[in-house]
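Asker:
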Amino acid sequence: MPAYAILVAVLIQLAHAAEFKAVHVSADGNPEALPLRGHSAGYVRREHRSQDPSLAQLVPQPVIKAVEDATEAVSHVKSDSAIGIWKAEEKQASIAMSLSLLASLSFVLTVFYMWNTPALEVATRKVLVSSISLFSVVLLFMVMKKLWKLAAGSTSSESRILSDVFSFLRFLILYMLPSLLRKRLEKHMGTDRMRAFQIAGVHLIGFAGADAFSDFLKIEVFSASPYGYFLGVGCMTVLLGLMSWVSARLRKEPQTAEATPLAESDATQGDAGEAPQPEAETTASAPEASGMTQVVETMEVEIGGFVVGFLASMWVRFTVTGAVPGARFRHGESLQISGEDVSWLFCFCLAAFFFAAVAVRLPATASSGTRMQYFLQRSRRTLSESLLMSFAWLVFFLCQWFLWHITADGADGSHHTAKLTASNALALMASALVFLPMVFAKLLGKADWILSNSEAFVKVAALVLGFSWETAVYMVVQGASESTEGEATKKLLGITTILLILLFILPGWYMHMLPEPKPEQEKEPVAKEKAEEVST
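Residue numbers for the sequence shown follow the working numbering, so the first one is 11 and each next one is one higher.
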């Protein structure tokens, strides 16, 4: 019996379906021609209910017009456009991955060739030691900033002011630290530990100062115009000079040759009958004290050049773009790097190169006994270092702007895939700018020029190479952390990834790259012993 009931129900539904189809065929596709039935018949057309005048009056005409326009606009959108967007994204992502692989392989192979070339080994080692130090320091600062954001939580004006004050206090403490630890550092003179402290200390303190002073220059008084920003750079330079003077007072040692007459007077008093100090003791303590003082002064000069050079490059960028560096808008519009901006930055870069070359070529004057002449000599060294670092910073930003203008959509690098492509291309371009001149100098027989000018070349090459690779690696880390949900989880994942990278890099840098190569005299006996073993 249930089977018959089911069969009857199916036949009834088929009959109703046939009737409904016949009605639609008779209407010839016109919905308005469909006949209406009462509620008892079981059919109430939804189309007819929607056409009720009382309901139509409730919808304003502008809304109806907007809906019709939107419907018409959507109807013209083809599925091919969406497919084209996805294909463009996939193409750009594949380009970024290809550039990343190409940059890594070319960097490793080029370094391997240059490290095993005797004429380029010394310069290559110096460039790698300095660039890896800067690379690690900047990544460490990124970790500190992420930790501060996790601790602060909010981005209110009070937290920003507190962050700026904390940045300046951090820079002040780090700047005074070498002078305060001078006595302890004397015990490690000439060791790898001291060289690591000197190289990494300059980068750490210099980047801390650049970060702190750039935050202060965002104040409305300085950021209103390029003239105000230039005034701010001058004020920060004066403040840096005052910090250097305080650091010299903390050392409490004569910084000029005024100590020489004092030593001569002590010697004459000893000849008159007073017992002079033992010769061995004086010869052991004087070189250490003077050597440590010279190391600290050299660090302060390099730190000052690093900070002032960075601030000068920031002012140049402000002058070219008309917006504070780091801002996303200019005159109420989205900030985009144009070809004209790149051209102007190139002109400033050439001017910085000319002045830096003149300053580096100036002969160094011998230290004299007056404080004014010592001050002038120290100022000349700081000016030379600042011009050199300004040129290095401008080269880095020129390469960055050029690649952003080419690869990034909207020319402002707003899209992550475009920024990843530009950063990988930046690492590749920086490697070519640093290593190709060294290789060509070797092929042309001019490798001695690199060795004779290695100090200035290494500083420029290390800054361009270190910051370029840091930008590429940080973009990869940021992209990997974006795949997770939650801001805290993203920051923790980024911090963990950066710490793992530093854990793999720094031990090899300290144990294998930092130590000075042994002299040839020490290598000859080893070579003779190996030759004798082979002969026997």
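Beta carbons: idealized from backbone N, C-alpha and C, even for Gly.
Go ahead and label Ala3 buried or exposed: buried means 16 or more other beta carbons lie within 10 angstroms of its beta carbon, across all protein chains shown.
Answerer: Residue 3 is absent from the structure shown; the chain starts at 11 and stops at 546.
Asker: Can you find the residues in the same chain that come closer than 7 Å, C-beta to C-beta, to Ser36, ignoring five residues on each side of it along the sequence?
Answerer: Model confidence at Ser36 stands at a pLDDT of 46, short of 50, so the residue's coordinates are unreliable; what they give is reported in the following sentence. There are no such residues.
Asker: Helix, strand or coil: how does DSSP classify Gly219 here?
Answerer: helix
Asker: DSSP state of Ser235, grouped into three classes?
Answerer: It is coil, neither helix nor strand.
Asker: Cα-Cα, which of Met152, Phe117, Val326, Gly238 is closest to Leu509?
Answerer: Met152
Asker: Between Arg381 and Thr303, what straight-line distance do the alpha-carbon atoms span, to the nearest angstrom?
Answerer: 16 Å
Asker: Classify Tyr237: buried if its beta carbon has 16 or more other beta carbons within 10 angstroms, exposed otherwise.
Answerer: exposed
Asker: Quick check: the region 235-249 against the region 320-330, are there 3 or more CB pairs under 8 Å?
Answerer: Inter-segment contact for the region 235-249 and the region 320-330 is present: three or more beta-carbon pairs are separated by less than 8 Å.
Asker: Applying the criterion that 16 or more other CB atoms from any shown protein chain within 10 Å of the CB defines a buried residue, is Pro525 buried or exposed?
Answerer: exposed
Asker: Do Arg261 and Val306 have their CB atoms nearer than 8 Å?
Answerer: Taking C-beta atoms as the reference points, Arg261 and Val306 count as a pair closer than 8 Å.
Asker: Identify whether Leu408 lies in helix, strand or coil by the three-state DSSP scheme.
Answerer: Under the three-state reduction of DSSP, Leu408 is assigned to helix.
Asker: Return the chain-ordered list of same chain residues with a C-beta closer than 6 Å to the C-beta of Ser478, the five sequence neighbours on each side being excluded.
Answerer: Leu436, Ala437, Ala440
Asker: Along the chain, where does the alpha helix (DSSP H) that runs through Val487 open and close?
Answerer: 464-491
Asker: Return yes when the Cβ of Met523 is within less than 8 Å of the Cβ of Arg135, no when it is not.
Answerer: Yes. Within cutoff.
Asker: Can you give the Cα-Cα distance for Ala471 and Leu144, rounded to whole angstroms?
Answerer: 11 Å
Asker: Around the C-beta of Gly349, are 16 or more other C-beta atoms found within 10 angstroms, so that it is buried, or is it exposed?
Answerer: exposed
Asker: Which residues in the same chain have their Cβ closer than 6 Å to the Cβ of Tyr14, if we skip the five residues on either side of it in sequence?
Answerer: Residue placement at Tyr14 is flagged as unreliable, the pLDDT there being 44, under the threshold of 50; the coordinate-derived value follows with that caveat. Once the five neighbours on either side are set aside, Tyr14 has no close Cβ partner at all.
Asker: Rounded to the nearest angstrom, how far is the Cβ of Leu398 from that of Val370, given a contact under 8 Å?
Answerer: 7 Å
Asker: Just to confirm, are Ile209 and Val139 a CB contact at a threshold of 8 Å?
Answerer: yes
Asker: Taking 8 Å as the threshold (C-beta atoms), are Leu355 and Phe407 in contact?
Answerer: One thing to note: Phe407 has its Cβ within 8 Å of the Cβ of Leu355.
Asker: Just reading off the alpha helix (DSSP H) that Trp354 is part of, what are its end residues?
Answerer: 349-371
Asker: Look up Thr499 in the DSSP assignment and say whether it is helix, strand or coil.
Answerer: helix
Asker: Exposed or buried, His49, counting other C-beta atoms within 10 Å across all chains shown (16 or more means buried)?
Answerer: The predicted model places His49 with a pLDDT of 42, which falls under 50 and marks its position as unreliable; any figure quoted below should be read in that light. Burial call: exposed.
Asker: Let me check understanding here. Comparing Cα to Cα, which of Trp519, Thr331, Gln488, Met186 lies closest to Lys501?
Answerer: Gln488
Asker: Helix, strand or coil for Gly332, going by three-state DSSP, please let me know.
Answerer: coil
Asker: For Ser310, name the three-state secondary structure that DSSP assigns.
Answerer: Strictly speaking, residue 310 in this sequence is Glu, with Ser absent from that position. Glu310: helix per DSSP, three-state reduction.
Asker: Counting pairs of beta carbons, one from the region 249-261 and one from the region 307-316, are three or more of them closer than 8 Å?
Answerer: yes
Asker: If the criterion is Cβ atoms closer than 8 Å, does the pair Val147 and His213 meet it?
Answerer: yes
Asker: If you follow the alpha helix (DSSP H) that Leu195 is in, where does it begin and where does it stop?
Answerer: That run of the alpha helix (DSSP H) goes 192-195.
Asker: Could you give the DSSP three-state label for Ile229: helix, strand or coil?
Answerer: coil
Asker: Which class does Gly518 belong to by DSSP, given the choice of helix, strand or coil?
Answerer: Three-state DSSP puts Gly518 in a helix.
Asker: Does the beta-carbon of Thr506 have 16 or more other beta-carbons within 10 angstroms, so that it is buried, or is it exposed?
Answerer: exposed
Asker: Which residue's Cα is closest to the Cα of Phe176: Lys193, Trp158, Met186?
Answerer: Trp158
Asker: Which class does Gln346 belong to by DSSP, given the choice of helix, strand or coil?
Answerer: coil
Asker: Can you look up Gly211 in the DSSP assignment and give me helix, strand or coil?
Answerer: If DSSP states are grouped into helix, strand and coil, Gly211 belongs with the helices.
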